[in-house]
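Residue numbers (the working numbering): 75 to 360.
Idealized CB from N, CA, C, for every residue including glycine.
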């Protein structure tokens, strides 16, 4: 029982990290029609900025998380304003451009912070464990799980219950009609892209509690985010949450039960979903 419960909780907390990585990318891809493969690189930049603020400068961990989010948000906004807004509905060009930014941002991080791994870091007051039966569970993972649910609820409300969410969803389906109504869609798009990029940078700091920070992590988390989006469905906050939790649980239990096949379990899940529901479990209907 302890084996099952410990792996269940570990899988949920890891799934929340995957959700935070994939949520912004899913919104931008499905709702705004932009394929941003540099999303993982924004996660990496946020992680390094957060490490600098929390470890190098010795400031509060949550201040570091906000700083990482702002760094990711500003870089993402710069990319959208200067480059991506010129490539509306040009998917191939978006893919090539944003994938190039992965290498640009990776090399900038190596130039600034070097190529060494940075160990996990967290706030001292959430360091430790909680006794659950016969085993102890890290407090940081509990905080990650709670924070993930709060962000998921906030993003769902923003996307489905606010005027901004309605404008973005309608505008990306019929941009010309929205502009004809006198709505400045560019301002809304800027806001949504900044929020999505902010979450990526913020997730880099939160994810550093479980994962190391290193230059290649941008590509690593990009692959995981794509798997989550494919499983959950593009453009859906609920889909990103469900996909993140499923992939987190499958990966955790796969490593515990089938260590020799652990690398393939999440991709097997993705293949099964593509075979039976190509749009994802909760994909946005077009």
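- Taking the Cβ atoms as the reference, residue 328 lies roughly 15 angstroms from residue 302, outside the contact range of under 8 angstroms.
- Residue 299 counts as buried, since no fewer than 16 other beta carbons sit within 10 angstroms of its beta carbon.
- If only complete runs of 3 or more residues are kept, the stretch 140-207 shows the beta strand (DSSP E) at 203-206, in order along the chain.
- Distance check between residue 346 and each of 331, 332 and 321 places 321 closest, using alpha-carbon atoms only.
- Below 8 angstroms, enough C-beta pairs join the stretch 200-215 and the stretch 77-93 to call them touching: three or more.
- In the structure shown, residue 210 adopts extended strand secondary structure according to DSSP, grouped into three states.
- Secondary structure of residue 287 (DSSP, three-state): strand.
- In this structure the stretch 145-162 touches the stretch 266-285; the number of beta carbon pairs closer than 8 angstroms is three or more.
- According to the DSSP assignment, residue 112 belongs to no alpha helix (DSSP H), since it is labelled neither H nor E.
- Taking 8 angstroms as the cut-off, the Cβ atoms of residue 204 and residue 211 count as close.
- Assigned with DSSP and collapsed to three states, residue 236 falls in coil, not helix or strand.
- Straight through space, the alpha carbons of residue 100 and residue 262 are spaced by roughly 17 angstroms.
- For residue 81, the secondary structure class from DSSP, reduced to helix, strand or coil, is helix.
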